[in-house]
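A.B. asks: I'd like to ask some things about the structure below.
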Amino acid sequence: DENIPKSLNYISSNVVKMDILLNGLLQISRTGLLKMNIKKIDMNELIKKITNSLNFEITKYSANILINDLQECYGDENLLNQLFSNIIGNALKYRDKDRQLIIGISSYIEHNKVIYIIKDTGIGIEPKHLNKIWDVFYRVNADPSELGEGIGLSLAKTIVNKHRGRIWAESDKDKGSVFYVELLKNKFSE
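All residue numbers for the sequence shown refer to my numbering, where the first residue is 87 and numbers rise by one.
Below, the structure is given as structure tokens:
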């Protein structure tokens with residue numbers, strides 16, 4: 087009888103975890119099917135919205151966000167908000183607790199594409215993990231105390247693919263990461 091509450095608690099926490107995973111999979115699936123509202127995006131405004139929404143964490147961790155004047159691109163504003171929120175949110179989550187977190191955001195034009203660069207001074211990722219970080223449920227740090235289910239970067243890749251772009255990362259453990267997001271400079275249709 088005394089084990090029943092422990093068992094129920096265990097079952098309940100695993101049901102919540104399964105619910106989070108299933109909702110993540112549904113979100114990825116639905117994102118691939120969503121009809122996009124493609125328009126010109128003022129990335130300076132979009133990044134300002136994102137950093138304002140993350141202001142609590144930015145202040146809490148004394149992070150320094152350096153934003154260069156960003157080029158415009160075309161895309162779906164809600165999806166791009168989700169994409170860049172995931173990347174910047176990960177930089178905050180995986181900061182190096184022994185040094186100040188600096189996140190630099192810049193862009194440049196190459197041919198008819200805009201390359202956005204999000205560089206951080208976080209804990210970094212070992213090169214052997216870089217190809218796997220885009221996989222659903224893959225987590226470099228499987229520490230259960232770290233929040234997350236390994237869905238954010240998979241969702242980011244889905245969004246970028248839907249925008250006919252590319253996303254990739256460079257990183258060194260203990261030195262930080264650089265994420266590159268390539269989006270179209272000109273109007274396009276699905």
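Here a beta-carbon is modelled for each residue, glycine too, at the ideal position from N, C-alpha and C. Because the structure is a prediction, the values reported are computed rather than measured.
Rounded to the nearest angstrom, what separates Leu-178 and Phe-142 at their Cα positions?
C.D. replies: One C-alpha to the other measures close to 11 Å.
A.B. asks: Just reading off the beta strand (DSSP E) that Glu-196 is part of, what are its end residues?
C.D. replies: Element bounds for Glu-196: 188–196.
A.B. asks: Candidates Ser-263, Asp-221, Ile-144, Arg-250: which alpha carbon is nearest Leu-269's?
C.D. replies: The residue with the shortest Cα to Cα distance from Leu-269 is Arg-250.
A.B. asks: On the CB-based measure, 16 or more other CB atoms within 10 Å of its CB, does Gln-157 come out buried or exposed?
C.D. replies: By the neighbour-count rule (16 or more Cβ atoms within 10 Å), Gln-157 is buried.
A.B. asks: Leaving aside the five residues before and after Phe-265 along the sequence, list all residues of the same chain whose C-beta is less than 6 Å from its C-beta, in chain order.
C.D. replies: So the qualifying residues of the chain are Ile-173, Ile-204, Ala-255.
A.B. asks: Could you name the residues that DSSP lists as bridge partners for Gly-161?
C.D. replies: Bridge partners of Gly-161: Lys-125.
A.B. asks: Do Val-246 and Ile-253 have their C-beta atoms within less than 7 Å of each other?
C.D. replies: Cβ distance < 7 Å, so Val-246 and Ile-253 count as in contact.
A.B. asks: Using only the alpha-carbon positions, how far apart do Pro-91 and Tyr-194 sit?
C.D. replies: Straight-line Cα distance between these residues: approximately 57 Å.
A.B. asks: Can we say the region 148–167 touches the region 124–133, given the rule of at least three CB pairs closer than 8 Å?
C.D. replies: Yes, since at least three Cβ pairs between the region 148–167 and the region 124–133 fall closer than 8 Å, the two stretches touch.
A.B. asks: Select from Asp-128, Ser-139, Thr-137, Tyr-180 the residue whose C-alpha is nearest the C-alpha of Asp-260.
C.D. replies: Nearest option by C-alpha distance: Tyr-180.
A.B. asks: If we count the other Cβ atoms within 10 Å of its Cβ and call it buried at 16 or more, is Leu-206 buried or exposed?
C.D. replies: Note on residue identity: the sequence assigns Asp, not Leu, to residue 206. Burial call: buried.
A.B. asks: With H, G and I counted as helix, E and B as strand and the rest as coil, what does DSSP make of Val-246?
C.D. replies: In the structure shown, Val-246 sits in a helix (DSSP, three-state: H, G or I).
A.B. asks: Whose C-beta lies closer than 6 Å to the C-beta of Val-222 among residues of the same chain, with five residues either side of it excluded?
C.D. replies: Closer than 6 Å at Cβ, skipping near neighbours: Ser-240.
A.B. asks: Alpha carbon to alpha carbon, how far is Ile-144 from Asn-95?
C.D. replies: Between Ile-144 and Asn-95, the C-alpha separation is close to 34 Å.
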